[in-house]
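Undergrad: Can you read through this structure? Questions will come right after.
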Amino acid sequence: MVEVMLVLLKQTRILFLAEINKRILVMLFGCIDSPCVAAAIVRDSQLLSHSLQTINDSSMPGTNELS
126 MVEVMLVLLK
136 QTRILFLAEI
146 NKRILVMLFG
156 CIDSPCVAAA
166 IVRDSQLLSH
176 SLQTINDSSM
186 PGTNELS
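Every number in the working numbering is 125 more than the matching position in the sequence shown, counting from 1.
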């Protein structure tokens, strides 16, 4: 349970940083259609997918590596 909470905290931090990055890039380039902004959004969504998979894996019984 503690591991899941830590993963959720990391995920919240990733989403927060992704939103800040997106806003900074929009301010710098003026629009969301910039290739740089699009690449950042794709990267952030890949991080999100990976983090959600980590949450799913850690919440499944028998997958924790306790020995």
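We treat Cβ as the ideally placed atom computed from N, Cα and C, and that holds for glycine.
Just to confirm my understanding: we take L172, look at its own chain, exclude 5 residues before and 5 after, and list those with CB closer than 8 Å. What are they?
TA: Counting from 1 along the sequence shown, the entry for residue 172 is found at position 47. For L172, where only same-chain residues beyond five positions count, the Cβ hits under 8 Å are I139, A143.
Undergrad: Taking the C-alpha atoms as reference points, what is the distance between A165 and V127?
TA: Residue mapping note: residue 165 aligns to position 40 of the sequence shown, counting from 1. Residue mapping note: residue 127 aligns to position 2 of the sequence shown, counting from 1. C-alpha separation (whole angstroms): 30 Å.
Undergrad: Work out the CA separation of D182 and V151 for me, nearest whole Å.
TA: Against the sequence shown, residue 151 aligns to sequence position 26. Against the sequence shown, residue 182 aligns to sequence position 57. Whole-angstrom Cα-Cα distance: 34 Å.
Undergrad: Rounded to whole angstroms, what's the CA-CA distance from L177 to N146? Just pull it up for me.
TA: Your numbering for residue 177 matches position 52 in the sequence shown. Your numbering for residue 146 matches position 21 in the sequence shown. C-alpha separation (whole angstroms): 20 Å.
Undergrad: Suppose the cutoff is 8 Å on Cβ atoms and the five residues either side in sequence are ignored; what does the same chain contact list for T179 look like?
TA: Indexing the sequence shown from 1 puts residue 179 at position 54. V132.
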